[in-house]
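Residue numbers (this note's numbering): 1 to 467.
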């Protein structure tokens, strides 16, 4: 069958692009190689219980009355009501460094007051930094592809405070070691500190169902277990898409959320000679189900970003993991109308793909057990020791991420070089998602919308949206 557009990957960005195109009356097919949609933000069942992966919290949780906020703008573009997602704001979250902690919630004034309490006059500098941030739609500006650390240093004089502010932003969207661009910093600072965090009452499945139902309602076709084996090109344009089962389909254009390098390899040797960069950032995450409610852990905070060393080091570990810093998320610790009782704690830290890939099967199984012990012991210093109450533990590694997303090196935030305009060397092939430069659920949704608007709908004069 022929389509106007084929979209590779039924993650957040692919689904958003599909909805935008289907709204415009296009024939669209989204193909997903796995049996469950969602990509990096999905869910699975274990012992009869549904567990989220990827999503800790939705960023950009601005007030529903703020029509210019990215979350509200993208929902209008998708024709989805915000109430469908039943978002519940965080209670509070915490940045824990040796000797000092900062709490924040969806009111920026709390963070300012915490900074005033621990760092004095730096609170005024923090407010000036917030007022000087580039707008969302400037993130790809070439002038903003400079060091975020240098930008922060222009406002914040205390090195410890600068590291504490960068910690959540790097863990929630840093594609490179040590630093990020000013454009990325501005997006993440706004989305986390100025607009805040929330969680769907029923987990990420609610968002995915809302998106997939909207896409199908509009006439879109969603194929699961449909792995793309090759993109057949001629004269610099894609002619057909060949699937692993040998079937083929034609499309006027293709949008891929599989990653830039990963997508180009599908186009044959002449396009796939450039390998993935070797410095991609990956993680391990332990999903721990407890025998009792989680209130005794984490001081009732929703997410705790921690660093236990003298220097905060956001870099690829020299071993399997680096447990000196990481995140602890408590899905029950959000403002639900009725008490949530998932009894789940999610512990995450940086991991190195290469070290995990060199293990044989027995070594890999053993490493997962020892890694959980190491990660849980590290987190115990800031949230309490969950191990005595652990009924079940499931640990995801960079190899797990690569297996279920297809992203080279188990990368969470894509390659270190971004394709901000979504274009590729092939005229009718575009990329969306992390390698287009936007991260997180809202960033991924906005990426799909932006690529669909800019490169497809603009041809017919449809109204577009910018980030």
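Every residue gets a Cβ at the ideal spot worked out from N, C-alpha and C, and that includes glycine.
Shown here, residue 98 sits in coil according to DSSP, grouped into three states, outside any helix or strand. Counting along the chain, residue 42 sits inside the beta strand (DSSP E) bounded by residues 42-46. Look at residue 326 here: in three-state DSSP terms it is strand. Residue environment for residue 360: exposed (fewer than 16 other C-beta atoms within 10 angstroms of its C-beta). In the structure shown, the three-state DSSP call for residue 300 is helix. Per DSSP, residue 51 is one residue of the beta strand (DSSP E) stretching across 49-53. In this structure, residue 257 lies near residue 39, with their beta-carbon atoms less than 9 Å apart.
In the three-state DSSP reduction, residue 197 falls in the coil class, being neither helix nor strand.
Ranked by Cα distance from residue 350, the options 212, 374 and 201 are led by 374.
Taking C-beta separations shorter than 7 Å and ignoring five residues to either side along the sequence, the partners of residue 140 in its chain run 183, 420 and 437, following chain order.
Among the bridge pairs identified by DSSP, residue 29 is matched with 6 and 221.
In terms of CA proximity to residue 331, 344 leads the group 344, 323 and 338.
When rounded, the separation of the alpha-carbon atoms in residue 192 and residue 135 is 15 Å. Under the three-state reduction of DSSP output, residue 106 falls in the coil class, being neither helix nor strand.
Per the coordinates, the alpha-carbon of residue 95 lies some 27 Å from the alpha-carbon of residue 66. According to the DSSP secondary-structure assignment, residue 430 is paired through a beta bridge with 255 and 423. Contact between residue 104 and residue 128 is absent: CB atoms are separated by about 18 Å, not below the 8 Å threshold.
For the pair residue 434 and residue 455, the CB atoms are not nearer than the 9 Å cut-off. Collapsing the DSSP output to three states places residue 458 in a helix. Around residue 118, the same chain offers 100 as residues with beta carbons nearer than 6 Å, after the five sequence neighbours per side are excluded.
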